[in-house]
């Protein structure tokens, strides 16, 4: 098996990049649906190759790996995340591969929707601040030189002393550099704890973490493993990404449960989980039954996330438009006052 895996990896060197999220969604959903329809995995790959011509070479390599006796999660380990690989591994072991593939596609689609929402939140302040920055640059390098030509003293008196400008700019850069250094010295879990304590984004950050953890657990619990067993598997499968946030959360939970802490108390003690999640672990459900409850809870958390994001966007929009409006008024004042002084100087 090791020799076959080495040969396959050599063959796949040209395909080291991961699938884009949109491609992964199509691949997993369509492959799972074909398997559920009764096609074999080889027939399903043939159908996908004919439907998606750009995947033809890659799917040929996947078929080659399957013919060599490799499991699907070993074949895809250079294309998808370690969390998906673990889901595929457990699904292959417990015989629910088709359902898991469809679930992975659906989860990725929701993840992409979530990322689009977060980008939508960030888009408004970035665009508006860029406009403000462009106006400031235009004012400094286009308007003030013209005013200087009209009346050197009047115009130059309205421009801040370059020495003070450079001083305050240098201090701001040093502070920013210091914050970046401090941030990078924090562990991934410490950074997450900082994010969930920030006033504006803490509710959304907690909902994102709760949704993603719940969705992952729901998929993995469906294989019949318990939560401690799942954590053990996730730690072992994600050792190469030891600095990632996912590994930090999983490893901390794994250590805490091994030390005797209950799942319910652990969830309540973490600032990055919504407290309502803890109640599902206090009822003594079996893994597969718990998976159904958590799957439903994950859907409610996703809906809550969309609502929170929409509320944040509706709050940020008028706030940043107001900031831009005040800045524009200030810029006009800084332009008009020197002009009036210059015109007044001409009549003296």
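In the UniProt record's numbering, the protein residues as written are 1 to 348.
A virtual CB, placed ideally from N, CA and C, is assigned to each residue, including glycine.
Judged by DSSP in its simplified three-state form, residue 28 adopts helix. In this structure, DSSP gives residue 245 a helical state, which the three-state scheme calls helix. Restricted to the UniProt domain "Type II secretion system protein GspF" (27-144), the alpha helix (DSSP H) segments that are unbroken, complete and at least 4 residues in length are 41-51, 56-67, 72-75, 82-94 and 97-138, listed in chain order. For residue 81, the closest C-alpha among the options 274, 57 and 108 is that of 108.
Pairing residue 285 with residue 263, the inter-Cα distance amounts to about 13 Å.
Distance between residue 117 and residue 309, taken at the CA atoms: about 7 Å.
For the pair residue 99 and residue 36, the Cα-to-Cα distance works out to about 8 Å. Bounds of the alpha helix (DSSP H) holding residue 206 are 202-221. In the structure shown, residue 309 falls within a helical segment according to DSSP collapsed to helix, strand and coil. Per DSSP, the continuous alpha helix (DSSP H) segment holding residue 266 begins and ends at 263-269. The alpha-carbon separation between residue 266 and residue 247 amounts to approximately 16 Å.
Leaving aside the five residues that flank residue 62 on each side, the residues in its chain whose CB is nearer than 7 Å to its CB run, in chain order, 45 and 75. In this structure residue 294 touches residue 217 by the C-beta definition: roughly 5 Å separates them, less than 8 Å.
Inter-segment contact for the stretch 119-128 and the stretch 211-228 is absent: fewer than three beta-carbon pairs are separated by less than 8 Å. Taking residue 250 as the centre and dropping the five residues before and after it, the same chain places the C-beta of 231, 234, 235 and 238 closer than 8 Å to its C-beta, in chain order.
The three-state secondary structure of residue 252, taken from DSSP, is helix.
In the DSSP annotation of this structure, the continuous segment of the alpha helix (DSSP H) that includes residue 191 starts and ends at 188-195. In the structure shown, the three-state DSSP call for residue 325 is helix. The beta carbon of residue 256 sits closer than 6 Å to the beta carbons of 266 from its chain, once the five residues preceding and following it are set aside; these are given in chain order. The Cβ-Cβ distance between residue 111 and residue 320 does not fall below 8 Å. Annotation for residue 237: the continuous alpha helix (DSSP H) segment containing it runs 227-237. In this structure, residue 214 and residue 277 form a Cβ contact; the two beta carbons are roughly 6 Å apart against a cut-off of 8 Å. Between the C-alpha atoms of residue 272 and residue 86 there is a straight-line separation of about 23 Å. Judged by their CB atoms, residue 42 and residue 66 are nearer to each other than the 8 Å cut-off.
DSSP places residue 292 within a helical segment (H, G or I) once states are collapsed to three.
In the structure shown, residue 22 falls within a helical segment according to DSSP collapsed to helix, strand and coil. The Cβ neighbour count for residue 84, taken over all protein chains shown within 10 Å, is at least 16; the residue is labelled buried. Considering only 220, 201 and 317, the residue with the shortest C-alpha distance to residue 88 is 220. With contacts defined by Cβ atoms closer than 8 Å, residue 301 and residue 203 do not form a contacting pair. Ranked by how close their Cα comes to the Cα of residue 312, the residues 201, 77 and 275 have 201 in first place. Annotated three-state conformation of residue 285 is coil, per DSSP. Taking 8 Å as the cut-off, the Cβ atoms of residue 104 and residue 177 do not count as close.
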